[in-house]
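Chains as they are written, first to last, in numbering that gives the first Met the number 0: chain P, 0 to 271; chain Y, 0 to 218.
Note that beta-carbon positions come from the ideal geometry of N, C-alpha and C, so glycine has one too.
Scroll down for the structure; my scribbles are underneath it.
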Amino acid sequence: MGRNQWKANLDELCRSLEDYAKTNPPEVPGQPSAMAAHLSDSLYLANSASDANFSAICASGYLFSAARLAPFGRSLAPTCPGVVLGTTGSVFFYVSPFRYPHTGCGLLFAHTLELHYENEGVATPFDSGALVKKFTRRNPAESPQEFLSRHELPIPEHRRYLCQCMDALFHKPEDYVDGSDPRRPGPIGLDGGDQRRWTHEVRVPDRVAVRGSHLQAVFAPRNRVAADPAVEDLFKWCATEGVDHMSFDTPRGDDFEALRQKCRDYIRRKLY
Amino acid sequence: MPNPWNVDDLEVVGYANVLKSDMLPSVVPPVFRLKSSAERALLPPYSFNAGFLCNATEAPQSELEALRDSNDITLFDHAFPARGGFELWIDRAFHWHYQPRDEAGGELSRIAAEAIENATEALRQGNLEEAERLTSVATSANDKRLEPLAIKAAIRRIQGDTAGERLMAELAATALEETFNLLVEHYYGAAARKQPTETAPAPVPRRPMQDVARLRAAA
């Protein structure tokens, strides 16, 4: 499947959202709100990792797909979502603050990264991996693979649907960023799970260079920056290149909560 | 919202991070499972409230194994009972410790102090590699101490690495700011408790680290 099908999926999804809004008042205004337009255009792409994985990313200078890492000992069980859905060759991002739990360090990339991968990258209006084990589809007869392919959208055009969702489904567009559940579920037909049920995901093939013009900001606990030479080197590179780099305290080892909070504060400061 | 779980009904099966040896010792968030049903695990992010674990994400055992295989979490060979008010931390030999929070804090502070002392001595003897290794131990054990960052900045200056020296200064500034904010909260809380109807007094400039050690000891 390629961009033409993804564009058709996008048109279909936008139409179904308009229909949904008509039958579930209040109806959405014809023009997007200024905040929805701004946030959906400019939201960053987030990728976070455990401390050991982040150290390896800093040392290699790349985010690698699971398939790329498999020969180096990262196992790919037949039941893991990437294998079931055929997405192990991709590098994953959320179009939001960091939302993958059990992680303590992360990278934000500018939305311009999507233009770089326009032809081969793809988006979904939910976390694809969670389709397999976390979410419930309202039509269980449809396989996760079929459901996924029906919802694959072109990048960066998927942000048009994101913009519509921010106005039509959420109390206010900022709720999408803050992780507050939408007031209306929308037309997609997924239940269960968490915020990742409605968070846009972007997948690009194979690998993404970290030290590049698209890197927006780097986040790591202060003790990791101070103690890990690979992380220290990336932070030094960021300082030299004028890329934002954020270190933070991790009270009681709760790295993910600290990471999430720091990232939300950063996005508010930059985009609100 | 998921139900809160009584911590007494849980076991610790691992922690939600994967660490390398140069990241140790380190406090880590436990991964729990129900004593009554080993198939049901509870993952962070979560919070504790009066002996209950709140807002944890429930996952089946198979998901834990997948997370372990993708290097996202670490699982222990054997589970052990969870306790309210306890802290899980991993020592430099990758052994786990599960202690009352104040005991764990005291132990980590002691490791940090010892590592700082040894790093200072190694630096004095010109052994930069050992001094750097020990600063990593100290900062991993207690990321609020400024001395490991200062020692590392001195090492970077000796190496002619000005970017590295500047980065350590930056890290120290964030540590100081966080400590300062904690102090403000501490004093504000004390004042608010004593005079609930009066406005808190304006902050008075003081030496930046004054009372930090006492506050840490009391925490």
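*Which bits of chain Y does residue 100/P rub up against, with CB to CB less than 9 Å?*
To locate residue 100/P, count along the first sequence from 1; it is residue 101. Result: 15, 42, 43, 44, 56, 71.
_Counting beta carbon pairs with one atom in the stretch 165–185 of chain P and one in the stretch 10–22 of chain P, are three or more of them shorter than 8 Å?_
yes
*Beta-carbon gap between residue 234/P and residue 246/P smaller than 9 Å*: Against the first sequence, residue 234/P aligns to sequence position 235. Against the first sequence, residue 246/P aligns to sequence position 247. The answer is yes: Cβ separation under 9 Å.
*asked:* Counting only Cβ pairs nearer than 8 Å, list the residues of chain P close to residue 19/Y.
replied: As a first step, residue 19/Y is located in the second sequence; it is residue number 20 there, counting from the start. Neighbours of residue 19/Y on chain P, chain order: 50, 51, 54, 227.
*Does DSSP put residue 218/Y in a helix, a strand or coil?*
Within the second sequence, residue 218/Y is the residue found at index 219, counting from 1. Annotation note: pLDDT 39 at residue 218/Y (below 50); position unreliable, coordinate value reported separately. In the structure shown, residue 218/Y sits in coil (DSSP, three-state: anything other than H, G, I, E or B).
*To the nearest angstrom, how far is it from the Cα of residue 116/Y to the Cα of residue 132/Y?*
Position 117 of the second sequence holds residue 116/Y. Position 133 of the second sequence holds residue 132/Y. Residue 116/Y and residue 132/Y: Cα-Cα distance of roughly 13 Å.
_Which residues does DSSP list as the beta-bridge partners of residue 190/P?_
Counting from one through the first sequence, the residue named residue 190/P turns up at place 191. Paired residue(s): 135/P.
_Which residue marks the beginning of the alpha helix (DSSP H) containing residue 57/P, and which one marks its end?_
Locating residue 57/P in the first sequence gives position 58, where the first residue counts as 1. Element bounds for residue 57/P: 50–59.
*In chain order, what residues of the same chain lie with their CB nearer than 8 Å to the CB of residue 171/Y, ignoring the 5 residues before and after it?*
As a working note, residue 171/Y is residue 172 in the second sequence. Excluding residues within five positions, the ones whose Cβ falls inside 8 Å are 145, 148, 149, 152.
*Going along chain Y in order, which residues have a C-beta closer than 7 Å to the C-beta of residue 256/P?*
Residue numbering aside, residue 256/P sits at position 257 when the first sequence is read from its first letter. Within chain Y, the residues near residue 256/P are 44.
*Can you round the beta-carbon distance between residue 155/Y and residue 169/Y to whole angstroms, since I take them to be within the 8 Å contact cut?*
Taking the first residue of the second sequence as 1, we reach residue 155/Y at position 156. Taking the first residue of the second sequence as 1, we reach residue 169/Y at position 170. That pair is no contact at about 12 Å.
*Grouping DSSP H, G and I as helix and E and B as strand, with all else coil, what is residue 156/P?*
In the first sequence, the residue the question calls residue 156/P occupies position 157. Correct three-state label for residue 156/P: coil.
*For a contact meaning CB atoms closer than 8 Å, what does residue 231/P contact in chain Y?*
The residue labelled residue 231/P in the question sits at position 232 within the first sequence. 163, 166, listed in chain order.
*Have a look at 32/Y, 142/Y, 76/Y and flag the residue whose alpha-carbon is nearest the alpha-carbon of residue 174/Y.*
Here residue 174/Y corresponds to residue number 175 of the second sequence, with the count starting at 1. Closest option to residue 174/Y, Cα to Cα, is 142/Y.
_Looking only at its chain, what residues have a beta carbon closer than 7 Å to the beta carbon of residue 89/P, apart from the 5 residues adjacent to it on each side?_
As a first step, residue 89/P is located in the first sequence; it is residue number 90 there, counting from the start. Closer than 7 Å at Cβ, skipping near neighbours: 64, 202, 203, 204.
_So for residue 185/Y, helix, strand or coil by DSSP?_
Working through the second sequence from its first residue, we reach residue 185/Y at position 186. In this structure, residue 185/Y counts as helix in the three-state DSSP scheme.
*Are residue 96/Y and residue 87/Y closer than 9 Å when you measure CB to CB?*
As a working mapping, residue 96/Y is identified with position 97 in the second sequence. As a working mapping, residue 87/Y is identified with position 88 in the second sequence. Yes, these two residues count as a Cβ contact at 9 Å.
*Measuring only between beta-carbons, confirm whether residue 112/Y sits less than 9 Å from chain P.*
Position 113 of the second sequence, counted from the start, is the residue given in the question as residue 112/Y. Judged by the 9 Å Cβ criterion, residue 112/Y is not in contact with chain P.
_Sequence-distant residues of its chain with Cβ nearer than 7 Å to residue 121/Y (five each side left out)_ = The residue you call residue 121/Y lines up with position 122 of the second sequence. Excluding positions up to five away in sequence, the list reads 129, 130, 133.
_Separation of residue 261/P from residue 127/Y, as counted between CA atoms_ = For this step, residue 127/Y is matched to residue 128 along the second sequence. For this step, residue 261/P is matched to residue 262 along the first sequence. Computed Cα separation, rounded: 33 Å.
*Rounded C-alpha distance that separates residue 93/P from residue 181/P*: Locating residue 93/P in the first sequence gives position 94, counting from the first residue. Locating residue 181/P in the first sequence gives position 182, counting from the first residue. Roughly 17 Å between the two C-alpha positions.
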